[in-house]
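**Student:** The sequence shown stops at residue 249 when you use our numbering, and every number in between is there.
Glycine included, C-beta positions come from ideal geometry on N, C-alpha and C.
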Amino acid sequence: MSLFKNQAPATRNQNPMSLWQQEMNSLFDRFNRNLGDFDFGGLDKFSPKIEVKEKDKNYTVFAEVPGIKEDDINVTLRDNNLILEGERKSENTVDEKDFYKSEFSYGSFYRTIPLEDEINPDSVKASYKDGILKIEMDKVKPSGQKTKKIPVLKS
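Quick look at the structure:
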């Protein structure tokens, strides 16, 4: 199997090394895109899955954070980015001899969700029920004025 199976054969003007570099970049891009599919044997950090819904006048964000207390979740709006952070703490202390297997993820998380529109910070409301964090926020109406002429005054 050739590394260059999707590439045209090198011509006089084409450097074979650049073809190899393009293929390696593509390989790393695919690896990074699929990184979440790999099992690191419990070494992975907890990261809540999110769902963002957008309407004309608002956004609603849902985050799966089961097993986390409301007091352990922080929601911040900064520069049109919604920031979710918190920690899932292990409450069970198990004697190693009784421990067989755990697929639970514990630890802190930090998620940044970029928002396309400016948000009214006074409108942001967060609620938590049955392991789902819900954040609702209103968009700020655009002024419609993209250009503003600034007069030059005589001194």
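Please return the same chain residues whose Cβ sits closer than 7 Å to the Cβ of residue 215, not counting the five positions on each side in sequence.
**Tutor:** Same-chain partners within the cutoff: 171.
**Student:** Kindly identify the DSSP beta-bridge partner or partners of residue 223.
**Tutor:** Its beta-bridge partners are 226.
**Student:** Residue 233 by DSSP, collapsed to three states: which one?
**Tutor:** strand
**Student:** Return yes when the Cβ of residue 156 is within less than 9 Å of the Cβ of residue 228, no when it is not.
**Tutor:** yes
**Student:** For residue 213, which of 175, 183, 164 has the nearest alpha-carbon?
**Tutor:** Ranking 175, 183, 164 by Cα distance to residue 213 puts 175 first.
**Student:** Consult DSSP for residue 199 and reduce its assignment to one of helix, strand or coil.
**Tutor:** coil
**Student:** In whole angstroms, what separates the C-alpha of residue 51 from that of residue 115?
**Tutor:** In the structure as shown, the chain begins at 95 and stops at 249. Residue 51 is therefore absent and cannot be evaluated.
**Student:** Could you tell me the alpha carbon to alpha carbon distance between residue 173 and residue 183, rounded to whole angstroms?
**Tutor:** Rounded to the nearest angstrom, the two C-alpha atoms are 29 Å apart.
**Student:** My guess is that residue 158 and residue 225 are in contact by the Cβ rule of under 8 Å, so how many angstroms apart are they, rounded?
**Tutor:** 6 Å
**Student:** Would you mind stating whether residue 164 and residue 204 have Cβ atoms separated by less than 9 Å?
**Tutor:** no
**Student:** Given residue 151, which residues of its chain have a CB within under 8 Å of its CB, disregarding the five upstream and five downstream residues?
**Tutor:** 232, 233
**Student:** Going straight from the alpha carbon of residue 180 to that of residue 166, what length do you get?
**Tutor:** 5 Å
**Student:** Inspect the beta-carbon positions of residue 178 and residue 144 and report whether they are closer than 9 Å.
**Tutor:** Here residue 178 is near residue 144, since their CB atoms are less than 9 Å apart.
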